[in-house]
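>
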Amino acid sequence: LDSGHVLFRKEPKIHKGGLMKRYKQLLKENELFFAIDLIKEELKEAYATSDENTMANHLTHIVEICNATKNEHCKWFSNLILKHWNGLISHAILHLSNGKIEGINNRIKTVRRMSYGFRDDEYFFLKLIDMSRYRSA
Numbered sequence: 420l421d422s423g424h425v426l427f428r429k430e431p432k433i434h435k436g437g438l439m440k441r442y443k444q445l446l447k448e449n450e451l452f453f454a455i456d457l458i459k460e461e462l463k464e465a466y467a468t469s470d471e472n473t474m475a476n477h478l479t480h481i482v483e484i485c486n487a488t489k490n491e492h493c494k495w496f497s498n499l500i501l502k503h504w505n506g507l508i509s510h511a512i513l514h515l516s517n518g519k520i521e522g523i524n525n526r527i528k529t530v531r532r533m534s535y536g537f538r539d540d541e542y543f544f545l546k547l548i549d550m551s552r553y554r555s556a
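Add 419 to the 1-based position in the sequence shown for the numbering used here, that's all there is to it.
1. Helix, strand or coil for residue 452, going by three-state DSSP, please let me know.
2. I need the straight-line Cα distance from residue 538 to residue 525, nearest angstrom please.
3. Just verifying my parser: in three-state terms, what is the DSSP assignment at residue 488?
4. Pairing CB atoms from the segment 454–470 with CB atoms from the segment 479–491, are three or more of them under 8 Å?
5. Report the three-state DSSP secondary structure of residue 552 (helix, strand or coil).
6. Is the separation between the beta-carbon of residue 490 and that of residue 545 shorter than 8 Å?
7. With a floor of 4 residues, list each alpha helix (DSSP H) that falls wholly inside the segment 494–551, ordered by position along the chain.
8. Count the C-beta pairs between the segment 496–511 and the segment 462–481 that are closer than 8 Å, then say yes if the count reaches three, no if not.
9. Taking the C-alpha atoms as reference points, what is the distance between residue 506 and residue 516?
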């Protein structure tokens, strides 16, 4: 029976015999996807917090979910979290990322591609210095 009929004042639906069996089969088949979705949501919440203890609780929950799945990739991910525990927790305090460094590296790669064929290394480095003077949008 459908339990929502009282709330919406509708007649209860009687499910056919095979639907519940199929529903349980689908849940069992997609259990890993549900676990991964939970891990994703926990990671979002973990990186949104600025409290060490809250971040540690989220990461602990992620490790527990990963180990409960008994999937080799999830176990690898849980080991990765445990190896980098201090660095992950420090993100809650410092909110540092390497985004600016990655951006600079991408700009250097762009200038290097554009400067293919320069014979003079000094000119290449002058182009890098010139590029650093301008802000990108």
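For glycine and all other residues, C-beta sits at the position ideal for the given N, C-alpha and C.
So, from the data block:
1. If DSSP states are grouped into helix, strand and coil, residue 452 belongs with the helices.
2. Distance between the alpha carbons of residue 538 and residue 525: 22 Å.
3. Residue 488: helix per DSSP, three-state reduction.
4. Pairwise C-beta distances place the segment 454–470 in contact with the segment 479–491, as three or more of them are shorter than 8 Å.
5. Note: residue 552 maps to coil in three-state DSSP.
6. Cβ atoms of residue 490 and residue 545: not closer than 8 Å.
7. Given a length threshold of 4 residues, each whole run of the alpha helix (DSSP H) inside the segment 494–551 is given here in chain order: 504–513, 518–533, 540–551.
8. Touching, yes.
9. CA-to-CA, the gap between residue 506 and residue 516 works out to about 11 Å.
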